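What follows is a short report on a single structure.
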Amino acid sequence: SDEELHGFADADWGGDVESRKSTSGFVALYNGNAVSWFSKKQGCVALSTMEAEYYAASSAAQELVNLSGIVSEFEQSKNGHSKVFLKVDNASAISLVKTYQNSKRGKHIDIRAHYIKDLYTIV
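The opening position of the sequence shown corresponds to residue 9 in this note's numbering, with each subsequent residue numbered one higher.
Structural data, given as structure tokens:
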């Protein structure tokens with residue numbers, strides 16, 4: 009049987025009026041049921057909506073990797089495998105994952121970009 013793990017990531021940009029840090033939001037659904045979620049302030053100030061969304065996607069991808077390990081344990085007992093999806097609603101962030109090359113954006117984005125890009129190419 010094929011099971012599905014869906015992650016949904018989003019961010020507000022500069023939503024904290026005092027620090028101007030953005031907030032990442034995430035929910036993971038396994039076969040339509042919420043199994044993990046978070047809402048947390050990002051560790052640094054994002055300079056654009058794309059950057060805030062990208063940080064949210066990076067955190068979501070890390071959580072999905074952890075969850076997929078747990079789900080695969082369940083699936084082995086049923087002789088199936090799980091499909092994993094991450095949904096992000098920012099076209100620029102999605103484009104960055106698909107076409108990313110080293111840039112002048114900075115090392116902090118480079119590391120996150122390569123992490124998500126590696127996960128994207130695995131699929």
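Where is the CB? At the ideal position from N, CA and C, for every residue including glycine. Remember, predicted model here, so these are calculated numbers, not experimental data.
Beta-bridge pairing by DSSP links GLU12 to LYS91. The alpha-carbon of GLU26 is positioned some 33 Å away from that of VAL73. Of all C-beta pairs linking the stretch 13 to 20 to the stretch 30 to 48, three or more are shorter than 8 Å, placing the two stretches in contact.
DSSP places ALA36 inside the beta strand (DSSP E), whose first and last residues are 31 to 38.
ALA42 is bridged by DSSP to LEU37.
Setting aside the 5 residues that flank it on each side, TYR38 is surrounded in the same chain by LEU13, each with a C-beta closer than 6 Å to its C-beta; the list follows chain order.
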